[in-house]
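Trainee: Heads up: take any position in the sequence shown, counting from 1, add 117, and you land on my numbering.
Glycine is no exception: its CB is placed at the ideal position from the N, C-alpha and C atoms.
The following block contains the structure, expressed as structure tokens.
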Amino acid sequence: MSFAKVIWFFSNAGPIDVIGPLLLPLGIGFALYQCNYWYILALALWRRFRSAPLPKLPERDRLPIVATVPSLLRNREELEAIQAAIESVLANGYPAPMTIVACVDGTEVRRELYSELRRWSRRLKTPGPDVRVFVTGHHPRRGKGVAIDTGIVEVAARVADGRIPEHCAPVVFFNVDADSELSPGALELMVWNLVRPSRLTGAPGMIVTSHVAVPQKHYWKGWRHFFSMPGIIALSVAREYIVSLGLGRNNSRVLPHTGASGALYCTWYEVVHAAPTYARFLLTLTMKDWVKWWLGEAPPSFAANRGKLEPLPEAIAGMGDDTWMTWIAMASRVLPDRSIDFEFPRTPAHAAWRALVTYFARPFRYDHRAKIYTATPTTVKGLFKQRIRWNISRIWTVHRWIPGLAFAWT
118 MSFAKVIWFF SNAGPIDVIG PLLLPLGIGF ALYQCNYWYI LALALWRRFR SAPLPKLPER
178 DRLPIVATVP SLLRNREELE AIQAAIESVL ANGYPAPMTI VACVDGTEVR RELYSELRRW
238 SRRLKTPGPD VRVFVTGHHP RRGKGVAIDT GIVEVAARVA DGRIPEHCAP VVFFNVDADS
298 ELSPGALELM VWNLVRPSRL TGAPGMIVTS HVAVPQKHYW KGWRHFFSMP GIIALSVARE
358 YIVSLGLGRN NSRVLPHTGA SGALYCTWYE VVHAAPTYAR FLLTLTMKDW VKWWLGEAPP
418 SFAANRGKLE PLPEAIAGMG DDTWMTWIAM ASRVLPDRSI DFEFPRTPAH AAWRALVTYF
478 ARPFRYDHRA KIYTATPTTV KGLFKQRIRW NISRIWTVHR WIPGLAFAWT
């Protein structure tokens with residue numbers, strides 16, 4: 118009898134009577150939990166159609182940069198990838214002196230490819246006399262971090278002997294993955310974010326990360342590829358990058374960001390140049406130093422000991438080198454003359470105050486308009502190895518940084 122009444126109701130009731138009881142809870146739920154989508158849609162349409170130009174660096178902030186492009190150079194495909202990455206950096210239109218260094222980890226593994234890359238770099242046409250490209254490396258393989266440090270050491274040597282003029286000596290450092298391509302104006306936009314003074318403290322930023330994306334040609338090759346395992350993996354990773362690396366960084370957060378994407382980030386050159394020696398300095402810290410610091414004595418000084426310490430690039434090698442650079446940058450400060458202060462806070466009270474100010478000033482910066490398009494694994498094995506490497510890196514980086522965490526709480 119009840120079923121017959123239901124049939125009669127749907128046969129004789131009007132459309133509003135039928136869908137009204139369904140629309141009411143749907144509308145209430147949307148108003149309570151999903152109304153922010155209207156704001157997101159409106160903001161996305163506004164940004165899409167207003168076509169605001171990217172900010173330009175004023176003359177005083179057009180700082181010389183160095184961009185390292187590390188690579189294992191295992192095959193011709195990787196040779197073509199690093200060449201494309203270097204050409205992408207050259208074509209990005211950065212309006213100041215620029216040095217690009219291809220850093221090969223393991224120069225003797227494929228000696229013929231390394232020699233070909235060097236010859237190619239000598240023939241390469243640059244946009245101007247203040248733009249330089251050269252190739253360096255080491256053997257045997259010692260990790261991405263050591264490869265980057267090899268490039269930085271070579272840059273420092275060329276500045277010291279005059280091969281890189283003083284006005285081209287780098288002030289800002291970029292790391293660019295060898296399988297990546299930059300969006301137009303990305304370098305200038307990231308430097309603009311780095312030098313932009315904080316509204317709270319007036320200090321510039323310490324590190325800027327980019328928006329990592331997977332190029333469409335990598336995950337869309339037609340419907341047949343769309344339903345294949347490589348297509349599904351590539352598309353899933355592309356979606357993940359949008360949400361975790363893009364949307365998550367673009368949103369307002371209670372906790373500040375603590376990790377830059379290794380595909381493309383920039384920081385002050387002196388931070389990267391000092392990183393191997395700072396790693397050695399951290400190994401000299403003891404529990405006794407920490408106790409004395411809490412009892413009122415000054416903490417160990419990096420500046421006072423820097424000349425006595427041998428650089429330890431192996432400490433920043435391996436997994437998590439980008440996170441390592443992020444933490445060094447966050448633990449240091451930029452002085453008015455744009456030199457870097459690596460010293461620990463004088464007392465625990467100073468450390469707490471610096472941590473509080475850093476929380477609100479957010480020297481870690483991100484701009485979704487600075488995009489880098491990078492490749493992604495297309496096999497289950499490759500994806501598994503990538504995620505294992507990423508997650509182990511967090512544990513390993515914390516292990517290496519523990520002595521510094523006792524003094525620098527940022």
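For E283, is the classification buried or exposed, using 16 other Cβ atoms within 10 angstroms of its Cβ as the cut-off for buried?
Mentor: E283 comes out exposed.
Trainee: Would Y395 be called buried (16 or more neighbouring beta carbons within 10 Å of its own) or exposed?
Mentor: Flag for Y395 reads buried.
Trainee: Taking three-plus beta-carbon pairs below 8 angstroms as touching, is the region 313 to 330 in contact with the region 414 to 432?
Mentor: With the cut-off at 8 angstroms, the region 313 to 330 and the region 414 to 432 do not touch.
Trainee: Beta strand (DSSP E) containing M215: first to last residue?
Mentor: M215 -> beta strand (DSSP E) spans 215 to 222.
Trainee: Over the uninterrupted alpha helix (DSSP H) stretch that includes W340, give me the two end residues.
Mentor: Note, W340: alpha helix (DSSP H), 340 to 343.
Trainee: Helix, strand or coil: which one does DSSP assign to P417?
Mentor: If DSSP states are grouped into helix, strand and coil, P417 belongs with coil.
Trainee: Where does P244 fall in DSSP's three states?
Mentor: Three-state result, P244: coil.
Trainee: Is DSSP giving Y490 helix, strand or coil here?
Mentor: Y490: strand per DSSP, three-state reduction.
Trainee: State the start and end residues of the unbroken beta strand (DSSP E) segment that holds H328.
Mentor: 324 to 330 is the extent of the beta strand (DSSP E) around H328.
Trainee: DSSP beta-bridge partners for S188?
Mentor: According to DSSP, S188 bridges with V221.
Trainee: Return yes when the Cβ of Y336 is within less than 8 angstroms of the Cβ of L355, no when it is not.
Mentor: It should be pointed out that residue 355 corresponds to Ala in this sequence rather than to Leu. Yes. Within cutoff.
Trainee: Quick one, which of A468, N209, L241, P321 has its alpha-carbon nearest G413's?
Mentor: Closest option to G413, Cα to Cα, is A468.
Trainee: Would the beta-carbon of K261 fall within 8 angstroms of that of D296?
Mentor: Contact flag unset, no.
Trainee: Going straight from the alpha carbon of T495 to that of W507, what length do you get?
Mentor: Their Cα atoms are separated by approximately 17 angstroms.
Trainee: Counting pairs of beta carbons, one from the region 165 to 173 and one from the region 276 to 294, are three or more of them closer than 8 angstroms?
Mentor: Not touching, per the Cβ criterion.
Trainee: For A448 versus A391, is the C-beta spacing smaller than 8 angstroms?
Mentor: Going by C-beta atoms, A448 is not nearer than 8 angstroms to A391.
Trainee: So which of V252, L299, S188, D266 has the shortest CA-CA distance to E204?
Mentor: Considering only alpha carbons, the answer is L299.
Trainee: What three-state label does DSSP hand R164 in the structure shown?
Mentor: Three-state DSSP puts R164 in a helix.
Trainee: Taking just the CA atoms, how far does S315 sit from F461?
Mentor: If I take the Cα positions, the gap works out to 21 angstroms.
Trainee: Quick one: what's got a C-beta closer than 8 angstroms to D528's C-beta in the same chain, skipping five residues either side?
Mentor: The structure shown does not extend to residue 528, since the chain spans only 118 to 527, so no value can be given for it.
Trainee: Near G231, what residues of its chain come up, given a Cβ to Cβ distance below 7 angstroms and the 5 sequence neighbours on each side ignored?
Mentor: For the sequence presented, residue 231 should be read as Tyr rather than Gly. Result list for Y231: L190, V221, T224, G254, in chain order.
Trainee: Counting C-beta neighbours from all protein chains within 10 Å, is the total for L234 16 or more, i.e. buried, or is it exposed?
Mentor: Buried, since its Cβ has 16 or more Cβ neighbours within 10 Å.
Trainee: Under a Cβ-count criterion, where at least 16 other Cβ atoms within 10 Å of its own Cβ denotes burial, should A213 be classed as buried or exposed?
Mentor: Buried.
Trainee: Is the distance from the Cβ of L306 to the Cβ of D439 below 8 angstroms?
Mentor: No.
Trainee: Which class does V252 belong to by DSSP, given the choice of helix, strand or coil?
Mentor: V252 falls in the strand class under three-state DSSP.
Trainee: Which of helix, strand or coil does DSSP assign to I281?
Mentor: Three-state result, I281: coil.
Trainee: Return the first residue and the last residue of the beta strand (DSSP E) that F290 is part of.
Mentor: Start and end: 289 to 293.
Trainee: My understanding is that A523 touches W407, with C-beta atoms under 8 angstroms, so please give their C-beta distance in whole angstroms.
Mentor: A523 to W407, Cβ: 5 angstroms. Contact.
Trainee: For the alpha helix (DSSP H) containing T384, name the first residue and the last one.
Mentor: Element bounds for T384: not the alpha helix (DSSP H) but the beta strand (DSSP E), 381 to 385.
Trainee: In terms of residues, what are the limits of the beta strand (DSSP E) holding E298?
Mentor: Note, E298: beta strand (DSSP E), 297 to 299.
Trainee: Are the beta-carbon atoms belonging to I182 and L304 less than 8 angstroms from one another?
Mentor: Going by C-beta atoms, I182 is nearer than 8 angstroms to L304.
Trainee: Could you tell me the boundaries of the alpha helix (DSSP H) in which L304 lies?
Mentor: Counting along the chain, the alpha helix (DSSP H) containing L304 begins and ends at 303 to 312.
Trainee: Tell whether a beta-carbon distance below 8 angstroms holds between T216 and V272.
Mentor: Yes, Cβ-Cβ distance for T216 and V272 is below 8 angstroms.
Trainee: Ordered along the chain, which non-local residues of its own chain (more than five positions away) have a Cβ less than 6 angstroms from that of P480?
Mentor: Excluding positions up to five away in sequence, the list reads G322, M323.
Trainee: Let me know the secondary structure DSSP gives Y483 once reduced to three states.
Mentor: Strand at Y483.
Trainee: What does the alpha-carbon distance come out to for the pair L196 and S345?
Mentor: In a straight line, the C-alpha of L196 is about 28 angstroms away from that of S345.
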